[in-house]
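Asker: Chains as they are written, first to last, in the numbering used here: chain A, 1 to 211; chain B, 1001 to 1211.
There are 2 protein chains.
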Amino acid sequence: MKDVSANLRPTRRIDRRSAGVAPVTGADVYEAALTAFADRGYFGTSLKDIANAVGLQAPSLYNHISSKADLLSEIVLDTLSTVFADFEAAVAAHDNPVDQLREATYVYALHHATHRRETMVVNQDARHLEGKSLEQAQDMRRTHERDFRRLIADGIKDGYFQHPSPKLASFAIREMCVSVARWFHDQGDLKPEDVARTYASQALRVVGVTP
Amino acid sequence: MKDVSANLRPTRRIDRRSAGVAPVTGADVYEAALTAFADRGYFGTSLKDIANAVGLQAPSLYNHISSKADLLSEIVLDTLSTVFADFEAAVAAHDNPVDQLREATYVYALHHATHRRETMVVNQDARHLEGKSLEQAQDMRRTHERDFRRLIADGIKDGYFQHPSPKLASFAIREMCVSVARWFHDQGDLKPEDVARTYASQALRVVGVTP
DNA sequence: GGTATATACTAACGGGCGTTAGTTAGTACA
DNA sequence: TGTACTAACTAACGCCCGTTAGTATATACC
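#1: Hey, does Gln162 (chain A) have any beta-carbon neighbour from chain B nearer than 7 Å?
#2: Tell me which residue opens and which closes the alpha helix (DSSP H) that Asn1052 (chain B) is part of.
#3: Would you please state the rounded distance, in angstroms, between the beta carbons of Tyr42 (chain A) and Leu80 (chain A)? I believe it to be under 8 Å.
#4: Which term fits Asp125 (chain A), buried or exposed, when burial requires 16 or more other beta carbons within 10 angstroms of its beta carbon?
#5: Measuring straight from C-alpha to C-alpha, what distance separates Glu118 (chain A) and Lys1157 (chain B)?
#6: What residue from B:Asp1039, B:Gly1055, B:Thr1035 has the CA that sits closest to Val1021 (chain B)'s CA?
#7: Give the straight-line distance between the Cα atoms of Asp39 (chain A) and Val1180 (chain B), rounded to the nearest whole angstrom.
#8: Could you list which residues in chain A have their beta carbon closer than 8 Å to that of Tyr1199 (chain B), in chain order?
#9: Using a C-beta to C-beta distance shorter than 9 Å, which residues of chain A count as neighbours of Thr1210 (chain B)?
#10: Measuring only the C-alpha atoms, how far is Gly26 (chain A) from Ala36 (chain A)?
#11: Which complete beta strand (DSSP E) runs does the region 134-181 of chain A hold, if anything under 3 residues is left out?
#12: Given a cut-off of 7 Å, decide if Met176 (chain A) and Ala1113 (chain B) are closer than it, judged by their beta-carbon atoms.
#13: Looking at chain A, which residues of the region 1031-1058 of chain B have a Cβ within less than 7 Å of any of its Cβ atoms?
#14: Taking the straight line between their C-alpha atoms, what separation do you get for Asp147 (chain A) and Gly1188 (chain B)?
#15: From the DSSP output, in three-state form, read off Pro211 (chain A) for me.
#16: What residue range does the alpha helix (DSSP H) around His1111 (chain B) cover?
#17: Excluding the five sequence neighbours on either side, which residues of its own chain have a C-beta within less than 6 Å of the C-beta of Met1001 (chain B), listed in chain order?
#18: Going by C-alpha distance, which of A:Ser46, A:Ala58, A:Arg149 is nearest Thr105 (chain A)?
#19: What in chain B is Cβ-close to Ser179 (chain A), meaning under 9 Å?
#20: Assuming contact is defined by CB atoms lying nearer than 7 Å, are Val121 (chain A) and Ile50 (chain A) in contact in what I supplied?
#21: Please classify Ile1014 (chain B): is it buried, with 16 or more other beta-carbons within 10 angstroms of its beta-carbon, or exposed?
#22: Output, in chain order, the set of chain B residues within a Cβ distance shorter than 7 Å of Ser165 (chain A).
#23: Taking the alpha carbon of Thr210 (chain A) as the reference point, which residue from B:Ala1196, B:Phe1184, B:His1163, B:Val1195 has its own alpha carbon closest?
Here's what the structure looks like:
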């Protein structure tokens, strides 16, 4: 590049370094990927999309990430482990199935309202993980599913709940919470806590508990 | 191609026409696309994947389809219009909100159990439609959503249901049905009708109706 | 002031994508 | 037997993808 007039031509793309702009961080990239993946899906998002969202050229992303797949697995595994930890804490905080289910549903619904993008990516794109990341994600999901169902099955067995099928009750309750991420919007009239409270009471209704 | 020994070399790909195999139909392609899209998503599926599934080379698909996008829009619009028609019929068949909601939930859950692939594609990939197809899909979805919510709102207003929010009740009921497509399997112990019946009664419980 | 490091850039690679063009094999019918 | 049509094939196009290589700029520290 010997063109000395380069810095005079306005058609030239500006170089982020010469523009006095703060450098992009790994967190910025993570954030942009989150938004893009949630919006258009993992395969519907290119690295160029993500780079443009943070004001970089695509190859510059590699100063912050190790691959596109790694970005996805970070999002999915972070989210799943948080969700699972929340569930365990909710159950441990109470000593009867009614309060345990109410609290577990509350934190599950709440998380899907307060972390819409993360949970949408988990539910849409976790299947596109590969290798060890996929296994880890599947393990966490299975464990959460098993424990949630067991909570309901025990509640039925001990007479707290009335329902013909722990399996169906568990799927229904969990999946109605999951879908909160699909329609909830912060600027609406409802606060995440309102939604979570209503969903917790819906969960109890599903298993036959009426206040 | 002047190689006269071509028909002697076993490494050569067989030509479907010379193999005495029945020709592929448009329905075959539709079916294969359905399975692939449901499994790996629209962007996760290549035309080569679909072609291989029916035993063709990718360009041969164009004897049966007009484009990949068209294949998606056909699946999505077919499914949405069926689902919406089912809902209308269910409501029209009864004259009180309790029976209407029970029936509407029953057919909605049933369709998600009996047409898993179709409904999964709708819910995962309808957003990737473009132009008029996207608008049509959004319109149908919005109408269904509005009518479902209105059914619940009216039921609350007239004292049949008890629930603080028609919006939340409607989302919860609809989305728990949608998710049936995600876990239901035909070879399990439950029949689609069993699941639908249980979900219908769960829906009534959500709005405070106890049998 | 010199050097190391982090962060950015451009150029380019190999590969897969959806799609089009042009050709060939089998079938139905005059 | 000749002709038209359907359904298949191969070849190839232009484009975008994720990623790597190599280079430049700004900053932090000695």
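The C-beta atom is built at its ideal place from N, Cα and C for all residues, glycine as well.
Computed from a predicted structure; not experimentally measured.
Answerer: Inspection of the coordinates gives the following:
#1: no
#2: 1047-1054
#3: Not confirmed; about 15 Å, so no contact.
#4: buried
#5: 37 Å
#6: B:Gly1055
#7: 23 Å
#8: Leu168, Ala172
#9: Arg205, Gly208, Thr210
#10: 15 Å
#11: none
#12: no
#13: Gly1041, Phe1043, Gly1044
#14: 21 Å
#15: coil
#16: 1097-1114
#17: Annotation note: pLDDT 29 at Met1001 (chain B) (below 50); position unreliable, no value reported.
#18: A:Arg149
#19: Phe1171, Ala1172, Arg1174, Glu1175, Met1176, Val1178, Ser1179
#20: no
#21: exposed
#22: Thr1198
#23: B:His1163
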